[in-house]
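Residue numbers (this note's numbering): 31 to 149. All C-beta atoms in this analysis are idealised placements derived from N, C-alpha and C, irrespective of residue type, glycine included. Note that the structure is predicted; figures quoted are calculated from it, not measured. Worksheet for the structure shown next.
Take a look at the structure:
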């Protein structure tokens, strides 16, 4: 047997029976046996018809429940941070409104002082 030298490392890892079978197939140019071909066809044809132990609905229910457990703390932290930001924004808006009122009062006082000084 004289395989290509590039494959010598791979061939050294294979059992002798596989090497002999490969050599015979390569040198005799015989096609794959009919029985082996039938076995391959049966395998590929029977795959779509195989039964699963769980239905799609059960799998999706399990998946959703698992995600709920996995991300519960993460989502809780995000919601907590969101509520804190909303409260901080409300406080800032109130503060801004108070400052606007103070500015308006100051403008009124300045306007009245200006009108008093012109008279």
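C-beta atoms of residue i and residue j nearer than 9 Å
i: residue 41; j: residue 54; result: no
Residue i versus the options, residue with shortest Cα-Cα distance
i: residue 56; options: 95, 32 and 132; result: 32
Residues near residue i in its chain [Cβ-Cβ closer than 8 Å; skip 5 each side]
i: residue 139; result: none
Contact test: residue i Cβ vs the ligand ZN heavy atom, cutoff 8 Å
i: residue 55; result: This structure does not include the ligand ZN; it has no bound ligands of any sort.
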